[in-house]
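Asks: Just passing along the structure, written as structure tokens.
2 protein chains.
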Amino acid sequence: MRLAELCERSGVSIATIKYYLREGLLPPGRRVSATQAEYDEEHLRRLRLVRALVQVGRVPVATAREVLAAVDDDSMDQLSRLGTAVAALPGAARVTEGDQATTEAAEHTAEELQTLLGWRVVPENPAHVSLVSSLAALLRLGYPCEVSQLLPYGRLAAELAAHEVALVEEFEAPTTQLEAAVALTVLYEPVLLSLRRLAQAEEASRRFDTGPA
Amino acid sequence: MRLAELCERSGVSIATIKYYLREGLLPPGRRVSATQAEYDEEHLRRLRLVRALVQVGRVPVATAREVLAAVDDDSMDQLSRLGTAVAALPGAARVTEGDQATTEAAEHTAEELQTLLGWRVVPENPAHVSLVSSLAALLRLGYPCEVSQLLPYGRLAAELAAHEVALVEEFEAPTTQLEAAVALTVLYEPVLLSLRRLAQAEEASRRFDTGPA
DNA sequence: CAATCATGGATAGTGAGGCTATCCAAGGAT
DNA sequence: ATCCTTGGATAGCCTCACTATCCATGATTG
Numbered sequence: 001m002r003l004a005e006l007c008e009r010s011g012v013s014i015a016t017i018k019y020y021l022r023e024g025l026l027p028p029g030r031r032v033s034a035t036q037a038e039y040d041e042e043h044l045r046r047l048r049l050v051r052a053l054v055q056v057g058r059v060p061v062a063t064a065r066e067v068l069a070a071v072d073d074d075s076m077d078q079l080s081r082l083g084t085a086v087a088a089l090p091g092a093a094r095v096t097e098g099d100q101a102t103t104e105a106a107e108h109t110a111e112e113l114q115t116l117l118g119w120r121v122v123p124e125n126p127a128h129v130s131l132v133s134s135l136a137a138l139l140r141l142g143y144p145c146e147v148s149q150l151l152p153y154g155r156l157a158a159e160l161a162a163h164e165v166a167l168v169e170e171f172e173a174p175t176t177q178l179e180a181a182v183a184l185t186v187l188y189e190p191v192l193l194s195l196r197r198l199a200q201a202e203e204a205s206r207r208f209d210t211g212p213a
Numbered sequence: 001m002r003l004a005e006l007c008e009r010s011g012v013s014i015a016t017i018k019y020y021l022r023e024g025l026l027p028p029g030r031r032v033s034a035t036q037a038e039y040d041e042e043h044l045r046r047l048r049l050v051r052a053l054v055q056v057g058r059v060p061v062a063t064a065r066e067v068l069a070a071v072d073d074d075s076m077d078q079l080s081r082l083g084t085a086v087a088a089l090p091g092a093a094r095v096t097e098g099d100q101a102t103t104e105a106a107e108h109t110a111e112e113l114q115t116l117l118g119w120r121v122v123p124e125n126p127a128h129v130s131l132v133s134s135l136a137a138l139l140r141l142g143y144p145c146e147v148s149q150l151l152p153y154g155r156l157a158a159e160l161a162a163h164e165v166a167l168v169e170e171f172e173a174p175t176t177q178l179e180a181a182v183a184l185t186v187l188y189e190p191v192l193l194s195l196r197r198l199a200q201a202e203e204a205s206r207r208f209d210t211g212p213a
């Protein structure tokens with residue numbers, strides 16, 4: 001198919017598709033003449049993935065390029081590619097502001113938590129860094145974030161992860177599997193957060209509406 | 001304390017504090033002369049909250065202003081203020097792009113899920129909208145998001161919410177309680193997501209490393 | 001076969017958002 | 001009395017995700 005059709009079927013404007021092509025988020029089409037290129041279903045799928053990452057997952061364009069490069073990198077084995085791809089995904093927080101003491105306390109809490117959960121502690125892991133800076137923010141505000149408070153969250157996370165990894169394993173082709181891992185990691189985040197908000201609203205209205213009555 | 005001290009104790013630059021004052025995220029200090037104003041611990045606390053919302057929670061400045069205005073609004077009762085404040089918080093997704101059919105299917109899934117969980121369905125709820133658009137993105141990519149898949153997420157969310165609402169109720173002063181609700185809603189998001197990523201990494205490495213061996 | 005149109009590629013521009021740098025008048029410190 | 005600092009106002013900067021315009025060339029059509 002041509003650019004125009006790719007645009008039509010994906011709902012993404014031609015200008016934006018060109019932008020993604022420039023930025024290397026989308027592989028170039030097969031040149032069919034000096035003025036035309038041919039795109040296939042693979043391009044359409046990739047384009048939709050990019051769109052989901054950027055718009056739903058709020059992944060910066062430059063980051064999405066790294067993630068997809070890792071997914072496509074034939075020189076690595078499956079696990080390395082997966083690790084590289086999700087490591088490139090932006091963590092939820094990215095701040096280093098704040099005093100040393102608070103950060104150290106947060107670091108300690110994070111490590112203790114992971115140890116209790118039986119997880120390996122990998123300080124370079126972006127998710128670990130993000131966890132620490134989030135805990136530091138909570139500490140700085142004086143809100144509780146003790147290990148005992150966090151443990152339930154960790155157990156829930158473990159449940160989710162088991163479920164999701166199993167889901168990803170159902171895909172057969174290696175690249176498809178990696179794409180699924182990336183897509184599900186990113187796209188289930190808003191699902192999870194939305195459900196949490198809905199549950200909070202439900203719980204709050206139950207307690208406040210019928211509670212003190 | 002003066003602006004300079006507020007800056008020093010919060011780690012936020014004077015220019016940025018002035019910006020927040022301009023934007024109404026921070027109430028003005030008590031004017032002590034034509035050239036000086038006095039800030040107190042309350043300002044410091046509020047500033048840290050703003051910082052957490054903006055930097056960790058990625059809440060846009062304009063949105064943070066609405067949220068805080070709701071928290072401070074004495075003309076509403078507690079539950080209304082809470083509802084207004086969290087409703088103003090940005091949902092995880094905000095896209096309407098895509099075909100009608102997919103969106104309707106997502107809408108249907110979301111409603112069925114909430115009904116099964118015993119939650120009220122409030123279509124205007126930003127979290128509901130966010131849920132629907134996230135599900136639509138998943139559908140468009142051809143990934144599974146059936147109610148049966150989502151139910152476990154919903155139950156986990158309900159657990160989290162119960163835990164968190166109980167936590168918030170421990171705060172006594174109404175405003176403090178609302179601040180806590182906002183802060184915990186926003187700041188636990190990155191914690192939860194980080195833990196999920198860590199759990200995924202753990203689970204993946206377990207399966208791939210020792211699994212096929 | 002010629003006139004027109006569409007296509008892909010390159011380049012520059014746009015708008016939002018979150019700061020940040022500069023200026024200025026006036027009060028406080030020495 | 002002089003110098004320094006403070007708070008307030010204004011305008012500028014930087015990033016990022018697009019978007020609009022040009023242009024040369026090949027496709028299309030009467």
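These protein sequence lines are chains F and L, in that order.
If you're matching positions, the first sequence starts at 1 in UniProt numbering and goes up one per residue.
If you're matching positions, the second sequence starts at 1 in UniProt numbering and goes up one per residue.
Heads up, the beta-carbon is just placed ideally off N, CA and C, and yes, glycines get one too.
Excluding sequence positions up to five away, which residues of its chain have a Cβ less than 7 Å from the Cβ of Q36(F)?
Replies: The answer, listed in chain order, is R2.
Asks: When you measure from the CB of R9(L) to every non-hydrogen atom of the ligand HEM, does any distance come out below 8 Å?
Replies: Absence of the ligand HEM is noted for the structure shown, with no ligands found whatsoever.
Asks: Which residues of chain L have a Cβ atom closer than 9 Å to the Cβ of T185(F), listed in chain order?
Replies: Here the neighbours are R196, R197, Q200.
Asks: On a CA-only basis, which of S134(F), L178(F), L167(F) is nearest L79(F)? Give me that one, please.
Replies: L178(F)
Asks: Is the separation between the beta-carbon of V186(L) and that of V59(L) shorter than 9 Å?
Replies: yes
Asks: Would you kindly report the start and end of the unbroken beta strand (DSSP E) that includes S33(L)?
Replies: Its beta strand (DSSP E) spans residues 30-33.
Asks: With distances taken Cα to Cα, identify the nearest neighbour of A162(L) among Y153(F), E164(F), A157(F).
Replies: Y153(F)
Asks: State the Cα-Cα distance for the pair L44(F) and L6(F), rounded to the nearest angstrom.
Replies: The C-alpha of L44(F) lies about 6 Å from the C-alpha of L6(F).
Asks: For the stretch 71-114 of chain L, list the alpha helix (DSSP H) runs that are entirely contained and at least 4 residues long, ordered along the chain.
Replies: 78-88
Asks: Give the C-beta separation of S10(F) and L47(F) to the nearest angstrom, bearing in mind that I take them to be a contact with Cβ-Cβ under 8 Å.
Replies: 5 Å
Asks: Which residue from L135(L), L116(L), R120(L), A92(L) puts its Cα closest to that of T102(L)?
Replies: L135(L)
Asks: Which residue comes first and which comes last in the beta strand (DSSP E) that contains Q55(F)?
Replies: That residue, Q55(F), is in no beta strand (DSSP E); it is neither H nor E in DSSP.
Asks: For a cutoff of 9 Å on Cβ pairs, would you count H163(L) as touching chain F?
Replies: yes
Asks: Looking at chain F, which residues of the stretch 18-42 of chain L have a Cβ within less than 8 Å of any of its Cβ atoms?
Replies: none
Asks: So with Cβ pairs under 9 Å, would you call V59(L) a contact of chain F?
Replies: no
Asks: Among all the DSSP beta bridges, which residues are the ones paired with Q36(L)?
Replies: S33(L)
Asks: Considering only residues of the same chain and omitting the five flanking positions on each side of A70(F), which have a CB-CB separation below 7 Å?
Replies: R81, T84, A85, A88
Asks: Is there at least one Cβ from chain F nearer than 9 Å to A213(L)'s Cβ?
Replies: Unreliable placement is indicated for A213(L), whose pLDDT of 44 sits below 50; no coordinate value is reported for it.
Asks: Within the same chain, show all residues whose beta-carbon is closer than 6 Å to that of residue 221(F), passing over the 5 residues directly before and after it, in chain order.
Replies: Absent from the model: residue 221(F). The displayed extent of chain F is 1 to 213, so no value can be given.
Asks: List the whole-angstrom C-beta distance separating Q149(L) from V165(F), where the pair is believed to meet the contact cut-off of C-beta under 8 Å.
Replies: With a Cβ gap of about 14 Å, Q149(L) and V165(F) do not count as contacting.
Asks: Quick one: does V122(F) have its CB under 9 Å from some CB of chain L?
Replies: yes
Asks: Flag this pair as yes or no: are the beta carbons of E189(F) and G57(F) separated by less than 9 Å?
Replies: yes
Asks: Checking 9 Å against the spacing of the C-beta atoms, do A127(L) and L184(F) come in under that value?
Replies: Against a cut-off of 9 Å, the Cβ pair of L184(F) and A127(L) comes out as no contact.
Asks: With DSSP collapsed to three states, give me the class of G154(L).
Replies: helix
Asks: Nearest chain L C-beta to residue 301(F) closer than 9 Å, yes or no?
Replies: What is shown of chain F runs 1 to 213, which leaves residue 301(F) out entirely.
Asks: Taking Cβ-Cβ distances shorter than 7 Å, what residues in chain L pair up with S134(F)?
Replies: V56, L187, P190, V191, S194
Asks: Would you verify that the beta carbon of E203(F) is, or is not, closer than 9 Å to some beta carbon of chain L?
Replies: yes
Asks: Could you round the C-beta distance between P27(F) and T63(F) to whole angstroms and report it? I think they count as a contact, below 8 Å.
Replies: About 18 Å; that fails the 8 Å criterion.
Asks: At 7 Å on the CB atoms, spell out the chain F contacts of A70(L), in chain order.
Replies: Residues of chain F passing the Cβ test: none, with the nearest at roughly 14 Å.
Asks: Please report the straight-line C-alpha distance between E104(L) and D40(F), rounded to a whole angstrom.
Replies: 27 Å
Asks: Got a sec: is the Cβ-Cβ distance from R207(F) to anything in chain L below 9 Å?
Replies: Yes - at least one Cβ of chain L is within 9 Å of the one on R207(F).
Asks: Against chain F, does V67(L) count as a neighbour if the rule is that its beta carbon must be under 9 Å from one of theirs?
Replies: no
Asks: Counting contacts by CB-CB distance shorter than 9 Å, is P144(L) in contact with chain F?
Replies: yes
Asks: How many Å lie between E203(F) and E172(F) at the Cα?
Replies: Their backbone Cα atoms lie some 40 Å apart in a straight line.
Asks: Of the residues R197(F), L198(F), S205(F), V12(F), which one's Cα is nearest the Cα of D99(L)?
Replies: V12(F)
Asks: With 16 as the cutoff for other CB atoms within 10 Å, does P212(F) come out buried or exposed?
Replies: Low confidence applies here, because P212(F) scores a pLDDT of 49, under 50, leaving its location unreliable and the question unanswered by this model.
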